[in-house]
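Worksheet: the structure to be examined is printed underneath.
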Amino acid sequence: MASKTIVITGGSDGVGAAAARRLAADGHHVVVVGRSREKTAAVAKDTGGEFLLADFADLNQVRNLASELLQRYPRIDVLANNAGAIFGKERQVTGDGHEMTFQVNYLAPFLLTRLLTDRLLESRGTVINTSSIANRLFARVDLDDLESEKNYNPRRAYGNSKLEQILFTEEFDRRYRSHGATSTAFHPGNVASGFSGVRGSAMHALYQTRLGKLFLTSPEKGARTLVFLAEGTPGEDYPTGKYFERCKVARPNRQARDGALALGLWNRSVAMIES
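Numbering (my numbering), first residue to last: 91 to 365.
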């Protein structure tokens, strides 16, 4: 297996950290990105690779991250957009003026990918977006309310951001597959180290019980699909532009099949990051 240069955001714990360790053990050069210097450095020490810091709630930090990656790495074979979070009951707005869930989970990864697209094309690289089954359970994307200003609900905002990642995956793959760059999205499972619902909600309370924990999976198991997609050859070992669960193509939200919606989301996202 040829060694790849793999960038993993949200790599300081959970699925990202587990994937980083597995990929490094398999001989790949892994670059870990996180918010916490202490936690991200610890993972990088385990992998023998480098780490970079960025808070996706600040788009300038995302731009600086992209610049640093371009300066350091002449090729990027895999960009794993794994950073994400679910936020609380009260709607929050970032310093950039966007709803927090939308920016951290979707818009910031979109910006990072766009800034690295030329390098990914040169490397014939692939983008892997960590989505969630929440795209089927809670999501309905409205291009006129991407910021959840009308009826904010943390689960819906999270589900929408994960559906937006799938729409982004499909549109990126449509645009760039014939030029050498591809993309996929996947659901890692309900991982026992991340966020299992909003604190104080019924969902979060359930996952803290012994019964709830029966439905959780380990970060190592959750990382398997990410590792599979990162190590495989897009278009040969698996189809591109698709959504995966347990290393197999799965059916996402019905809206994910709406090409006009994917294009509309892309165009509005470009306008947001360029304004």
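Glycine included, every Cβ here is placed at the ideal spot set by N, Cα and C.
Here the structure is a predicted model, which is why all the values come from computation and not from measurement.
DSSP places valine 123 within a strand segment (E or B) once states are collapsed to three. Membership of glutamate 158 in the alpha helix (DSSP H) is indicated by the continuous run 149 to 162. Using a Cβ distance threshold of 8 Å, threonine 130 and alanine 114 do not count as a contacting pair. For tyrosine 266, the uninterrupted alpha helix (DSSP H) run begins and ends at 244 to 266, by DSSP. The Cβ atoms of valine 231 and leucine 351 lie closer than 8 Å to each other.
A Cβ-Cβ separation of about 20 Å leaves glycine 100 out of contact with glycine 185 under the 8 Å criterion. Sixteen is the threshold: since fewer than 16 other Cβ atoms of the shown chains lie within 10 Å of the Cβ of glutamine 161, the residue is exposed. In this structure, alanine 170 sits near isoleucine 96, with a CB-CB distance shorter than 8 Å. Under the Cβ criterion (8 Å, minimum of three pairs), the segment 180 to 198 counts as touching the segment 238 to 254. A straight-line Cα-Cα distance of about 16 Å links glutamate 261 and threonine 220. The beta carbon of alanine 108 lies closer than 6 Å to those of Pro309, Glu310 and Ala313 in the same chain, with the five residues before and after it left out.
Sequence-distant Cβ neighbours of valine 317 in its own chain, meaning closer than 7 Å and more than five residues away, are Ala109, Arg112 and Leu113. Beta-bridge partners of histidine 277 (DSSP): Glu335. Nearest neighbour of threonine 259 by Cα position, chosen from Ser157, Asp348, Ile363 and Asn150, turns out to be Asp348. Apart from the 5 residues on each side of it in sequence, histidine 119 sits with its Cβ closer than 8 Å to the Cβ of Ser93, Lys94, Thr95, Ile96 and Gly139 in its chain, given in chain order. The DSSP-derived three-state label of leucine 353 is helix.
Within the same chain, Val122, Thr130, Ala131 and Ala134 come within 6 Å of phenylalanine 141 by CB-CB distance, once the 5 residues on both sides are set aside. Take arginine 165, set aside five residues on each side of it, and the residues of its chain with a beta-carbon closer than 8 Å to its own are Thr95, Arg209, Glu212, Ser213 and Gly215, in chain order.
Note on geometry: alpha-carbon atoms of phenylalanine 200 and alanine 229 lie some 19 Å from one another.
For glycine 117, the closest C-alpha among the options Arg226, Asp263 and Glu321 is that of Glu321. Leucine 236 is positioned such that its CB atom lies no closer than 8 Å to that of arginine 153. Per DSSP, leucine 316 is one residue of the alpha helix (DSSP H) stretching across 314 to 321.
The beta-carbon distance between aspartate 263 and threonine 323, rounded to whole angstroms, is 15 Å. This is too long to meet the 8 Å contact definition.
Using a 10 angstroms sphere on the CB of histidine 277, the tally of other CB atoms reaches 16 or more, which defines it as buried.
By the CB criterion at 8 Å, leucine 253 and asparagine 343 fall inside the cutoff. Annotation: the continuous alpha helix (DSSP H) that includes alanine 115 extends over 104 to 115.
Of the residues His269, Leu149 and Arg181, the one whose Cα lies closest to the Cα of leucine 197 is Leu149. Closest in alpha carbon position to phenylalanine 334, among Asn225, Gly270 and Glu239, is Asn225.
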